[in-house]
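The structure under discussion appears below in the form of structure tokens.
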Amino acid sequence: MDVISGWRAAPGGLPAPTPAAADPTELSALADADLELLLTIRHFELSLLDLFGRGQLNGTTHTCLGQEYVPVALRPLIGEGDHIFSNHRGHGHYLARFADPAGLLAEIMGRQGAVCHGVGGSQHILRDGYLSTGVQGESLPVAVGVALHLKRAGQGRLAAVYIGDGTWGEGAVYEALNVAALWNLPVLVLVEHNGIAQSTATEHQMAGTIADRAAAFGIRHRLVTSTDVNVIRAELAPRVTEVRLTGRPLVVEFVTRRVGPHSKGDDTRSPEELRAIEGQDWYRRYARHHPAQFQRLDLAVREQLADVVREVTARPLSTWTEA
Amino acid sequence: MDVISGWRAAPGGLPAPTPAAADPTELSALADADLELLLTIRHFELSLLDLFGRGQLNGTTHTCLGQEYVPVALRPLIGEGDHIFSNHRGHGHYLARFADPAGLLAEIMGRQGAVCHGVGGSQHILRDGYLSTGVQGESLPVAVGVALHLKRAGQGRLAAVYIGDGTWGEGAVYEALNVAALWNLPVLVLVEHNGIAQSTATEHQMAGTIADRAAAFGIRHRLVTSTDVNVIRAELAPRVTEVRLTGRPLVVEFVTRRVGPHSKGDDTRSPEELRAIEGQDWYRRYARHHPAQFQRLDLAVREQLADVVREVTARPLSTWTEA
Amino acid sequence: MRVVENLNQALRGLLDEDPSLFLLGEDIVDPYGGAFKATRGASTRHPDRVLATPISEGGITGIAAGLALAGDRAIVEIMFGDFLALCFDQIVNFASKSVTMYGRRVPMRLVVRCPVGGNRGYGPTHSQSPQKHFVGVPNLALFEMTPFHDNTATFSRMLDRGEPCIHFEDKILYTQRMYRGGRVDGLLRYDFVGADGGTARVRVEDPDEAEQVVIVPGGLANPVLAAVRSLFLAEERSCLVYVPSQLYPFDLDPLLPSLRRAGRVVIVEEGTAGGTWGADVAQLIHQKLWRDLRRPVRLVHSAPSVVPTAPHLERGVLVQESTIYQALRETEDA
Amino acid sequence: MRVVENLNQALRGLLDEDPSLFLLGEDIVDPYGGAFKATRGASTRHPDRVLATPISEGGITGIAAGLALAGDRAIVEIMFGDFLALCFDQIVNFASKSVTMYGRRVPMRLVVRCPVGGNRGYGPTHSQSPQKHFVGVPNLALFEMTPFHDNTATFSRMLDRGEPCIHFEDKILYTQRMYRGGRVDGLLRYDFVGADGGTARVRVEDPDEAEQVVIVPGGLANPVLAAVRSLFLAEERSCLVYVPSQLYPFDLDPLLPSLRRAGRVVIVEEGTAGGTWGADVAQLIHQKLWRDLRRPVRLVHSAPSVVPTAPHLERGVLVQESTIYQALRETEDA
Ligand SMILES: Cc1ncc(C[n+]2csc(CCOP(=O)(O)OP(=O)(O)O)c2C)c(N)n1
Ligand SMILES: Cc1ncc(C[n+]2csc(CCOP(=O)(O)OP(=O)(O)O)c2C)c(N)n1
Ligand SMILES: [Mg+2]
Ligand SMILES: [Mg+2]
């Protein structure tokens, strides 16, 4: 097991979050484009919670507050020819790939211009090689099938699959890993280990570690504890290339934190725990470390998103013809 | 990973069987009762194949030829209060628990006195704490549930589950191991790793090793390569006691060989491979090492079984009232 | 009292009374108390028997079956009925089969309960009505929560059967109120018919006057009642409504006299078209009442489609009160 | 030619012709060639596209869905139809839903094929007829192998639909012969009706003379034909038999004129009682032909029971030729 820059995850659960004051590592300065993307995801998610609060959204949605940096770091490493399988907490994954907040918001609100005409909603999105669906674990075998196709095409493309720590409860994950390893398929498993599944802490749902679960199938595993986009990107780039060249699977485990609720208003973690987690949030830390750039872009992105919300909200309802 | 007396299993598959000539270890002398049980299972299975050959059985059946010593070694280690979950290749497991060839044969032949009135047949048996069923992997979660019950009862009883190497393909296995480890339940997983699943060699169906799959959940693993009942028993006794005392799961992996076909007449292994495997068969080896005892009991058991076959075949058909 | 509160009381009461009863499911322990809060408070009182599990629907159903096999009783909460798909093998091939496939009766006291249905904007994988897929499994009984049936009685009945049961719970119904005392409102009265009072009978006036009979599981009982009410107020046409607690095996006998009298039957359900529960009940009715029916049993169900997320699209697919009203209004016989 | 040989030719031919077609399943490669030998020879010719998998029914169905999603075509063999229970989620919640739940049509060229049915003494978990559990899934089509339908045509049709399909294959039928040239034997002739010649029509004499019509999937076609033959020889009573290749969605239209003429319909299937495919077809018929029927559609199916292992018990549960004969003989209308 390789560890990128930072502490090791404890078996099963995560270590208790470090209090804000500690702010262990300074986040490096990001290119404007990266910071903009990070902020776009952040303000997209905040807008959703706000819309829910104002009774303008129905159904449910899962925001990725606190985890935005994962897809942003991966963005240049995963190309257009690659497939991405996302999950219920997928807005960041989508925005990092398509930079299309209006299309996604329209999907969530069921308005004209919705990526999937409002049929799929927040967690069922298909666009080019990007797919999400709402049943945990179900897409891992599917990704293996896509990887089999890609391997045969022989152009070094891969199938990346995002899953959470809780999703390792599903048997489908293991059936898929076994075949990916047996058949040497270019599957890149991206684990967002945020220490919780809905309301259940990882130590109450996972025995052993994700590293050992990869090892069980002879699959390489890489632990990422950094929240720094530049650091993560630099360290993962050669690993992802290796997946392309060898056509073999890799599990990357991101130790991360869910800053917001599971969906909306359903966070049962203690105020202290939440405060500690907020102290680790890249958003606050980056604001402190790089105030000038942050304030300039944060304001701009807020305004952009506010415009998107206004514009999409004013659209007529989506239409669905191809049932 | 602990290894009991013998060579280590290669990742995934088994090493090629040693040719008969080598006959690496001398089998120790067994108590008459143990040898009798071994031979009972052997001749029971041979009788079945014979009955099939003569068109007297229908349906299908899976004999445990070559693997008889596993349940015989475990017999005194698993008590009446323990639960046993068997699988499709379960005649040896049943006979080691109940010494009831007539009841089992009647079940397979659908005659009066059948353990399950002929409804279940070869692979669906329930008697006291013993259960088998025909869907691979399905009984592992069930065993975890039983272990939860037993742990709460607090009398040191356990749930033992037999599975083959191929059955590690099923996701249910991992869902069960995770919970068994998380909740510290007395589940004893008995893996009969015979290097093959139906027609598929283990290296074509399993990536990594069983040891690492247990480790993935923080579950202890014990490799048994010996085929000597006394040796296995002595070495496993403290381990099984530990499961009772700690109430925690254990995976025991028996490296073994399927001497016969998967069911009947469906063996696609090469003649050389089969010859080598036969050379490792405890039956032939024990006959060579302990000829006097062997011949005495072998003959007696053959006759007993022939009587059972005659007697059961003559019985009227089973009746089923409690549907 | 809201229906989910009645359910919650039932679960807690049963746990209090029976030390061999377990409750398993994802996120069911306090303070979360389950995605729909049905189990709130249960784990605090019974931490050793109310267990939050990993995300392993198939596995936990198997674990519950193991408890049942060992003589305990178990209730499993599957967070969304859609995920019953992951338990299909354990329910159909293990738990149900074990009752009879070993040649003698093996009691399996196991209930799998799950929220079902749409109109919540949860999307195609969180809005289904999977009842139909489980109809006709030997030794598996299907129940559905209703605003009439006290859940304590229903769960006792299910656990006492000695056969696995699935309890379907409409998500919208959770938040609606339980009916009590024989009155739905100023207009509609109800009582119970059948063994164990298994089926609620709701009517405007004298049941013998009803020109048609509606059979509807609990999930759509309220929209049906609303449609029946409107039809009566608008046209003084009177329907008799049956709301069974047990969907399968379905006990038609207590309903026969009134079906025969009316000669017109409508079955309403939320499941999408094709192979529905209603088609199976219709088959029973056609066999038994062939000469008495004025027209074939009419089925009202959702379109043959995935359930879309956006509310305006979802309404177009799922049975609505207006769909039911239209169906009840159509008078002409075949 | 035996039916399994025709199937084998079909699979091999399709693999030869289409370099994007994959075949996945347990133990399907040579020399074993699958538990029922349907895939024999396929892997030798196409080792890179005919792949033996681990024992992971759910997983390999998902993998096949992934291939389909990427634009390939895939056929999965599930060794026994009973194990479809393990693929329920991938089939129902992923592969089928993907066709429409993303708001536009996504072709999913995927066939799951599996042996089904009993009378082989394989016992309760290896003998089921699980068709009914998959009826009414949006964008999932169900087919059943018959001794009339060339499997090359059927598989092409399924793969061209762009929707997942399940192909049910009766185990007994594998070893029986394919019919060719419009004749079953000296007595029974057949032709095809419907789009793509989807349904075989078998009769003794002039189809217009038939006093009743039997609809039967391929698995029980031969027992039905035997019963029809006996009934004709014993009593000169004539039946018309329809054997559809596609079970769901079911195309009733081509059958309507003859159903109307006869006014008596029997649907025969091996599935156990309750929520059967036949009940759904009966509902269609009752809606469309209410005034023309002399009696309700009669369903012939197995008992509501697990399928026991011992042959004498199994016969008591499963539909037999004699059961069918009895049903066809009963003349009195309702
Ligand atoms: C099969 C299945 N079971 C349960 C759910 C309900 N559910 C949605 S998200 C979630 C928690 C997932 O946890 P994790 O994988 O850690 O991802 P996170 O939410 O933390 O990002 C659950 C239980 C589901 N969507 N699918
Ligand atoms: C879910 C399921 N899939 C497939 C089968 C068919 N099957 C029966 S035994 C077997 C091989 C099992 O291999 P293994 O676990 O190694 O046990 P062994 O036969 O070697 O004892 C298979 C594929 C089954 N019974 N259940
Ligand atoms: Mg998580
Ligand atoms: Mg094996």
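Protein chains in written order, with my numbering: chain Z, 751 to 1073; chain C, 751 to 1073; chain A, 76 to 409; chain U, 76 to 409.
A virtual CB, placed ideally from N, CA and C, is assigned to each residue, including glycine.
Exposed is the label assigned to A/T119, since fewer than 16 other Cβ atoms lie within 10 Å of its Cβ.
Distances taken from the Cβ of U/E101 to the heavy atoms of ligand 2 include one shorter than 6 Å. Within chain Z, not a single residue places a beta-carbon under 8 Å from that of C/G895; the smallest gap is close to 16 Å.
Set against 6 Å, the gap from the CB of Z/I960 to the closest heavy atom of ligand 3 is not smaller.
In the DSSP assignment, the residues bridged to U/F243 are U/C189, U/E219. Considering only beta carbons, the part of the stretch 129-146 of chain U lying closer than 8 Å to chain Z consists of P129, S131, G133, G134, I135, T136, G137, I138, A139, A140, G141, L142, A143, L144, A145, G146, in chain order. For a Cβ distance threshold of 7 Å, nothing in chain A lies close to C/H841: the least Cβ distance comes to about 16 Å. Here U/P129 really is in contact with C/M956; their C-beta atoms are around 7 Å apart, less than 8 Å. For C/P1066, the secondary structure class from DSSP, reduced to helix, strand or coil, is coil. For U/G141 and Z/A909, the gap between their C-alpha atoms comes out near 10 Å. Contacts with chain U at 7 Å (Cβ-Cβ) do not include Z/E920. For C/Y880, the three-state secondary structure derived from DSSP is strand.
The CB of C/G860 comes closer than 8 Å to the CB of T384, A385, P386, H387, L388 in chain U, given here in chain order. In the DSSP assignment, Z/H843 falls within the alpha helix (DSSP H) that extends over 841-848. Linking C/L787 to C/H812 through their CA atoms gives a straight-line distance of about 18 Å. A heavy atom of ligand 2 is found nearer than 6 Å to the CB of C/Q948.
For the pair Z/R1035 and Z/V822, the Cα-to-Cα distance works out to about 16 Å. Just so you know, the alpha carbons of A/G346 and Z/S872 end up roughly 23 Å apart. By the criterion of at least three beta-carbon pairs nearer than 8 Å, the stretch 875-884 of chain Z is in contact with the stretch 829-837 of chain Z. A residue is called buried when at least 16 other Cβ atoms come within 10 angstroms of its Cβ; A/E284 does not meet this threshold and is exposed. Not flagged as an interface residue toward chain U: A/V392, since no C-beta distance is shorter than 7 Å. Close to Z/F967, with beta-carbon spacing below 7 Å, are these residues of chain C in chain order: A957, G958. Collapsing the DSSP output to three states places U/C162 in a helix. Here C/A856 really is in contact with C/A864; their C-beta atoms are around 4 Å apart, less than 8 Å.
Note on the stretch 320-404 of chain A: whole beta strand (DSSP E) runs with a minimum of 3 residues are 321-323, 340-347, 373-377, in chain order. Judged by DSSP in its simplified three-state form, U/Q251 adopts coil rather than helix or strand. Under the Cβ distance rule, Z/L1067 counts among the residues neighbouring chain A, one pair being separated by less than 7 Å. Per the C-alpha coordinates, the member of Z/A987, Z/Y844, Z/V869, Z/T996 positioned closest to Z/Y912 is Z/Y844.
Scanning its chain for C-beta atoms nearer than 6 Å, with the 5 sequence neighbours on each side dropped, one finds around C/T917 the residues Q886, G887, in chain order.
Counting only the Cα atoms, A/A145 lies some 49 Å from A/L262.
With a cut-off of 6 Å, the C-beta of Z/D915 is classified as near ligand 3, since at least one heavy atom of the ligand falls inside that distance.
In this structure, C/N837 has its CB at a distance of at least 6 Å from all heavy atoms of ligand 4. Using a Cβ-Cβ cut-off of 7 Å, C/V1001 does not count as an interface residue toward chain A, since no Cβ of chain A sits closer than that to its own. Contacts between A/V181 and chain C, judged by CB atoms closer than 9 Å, involve L876 in chain order. For Z/N944, the shortest C-beta to heavy atom distance toward ligand 3 is below 6 Å.
Burial of C/G958 is indicated by the presence of at least 16 other C-beta atoms within 10 angstroms of its C-beta.
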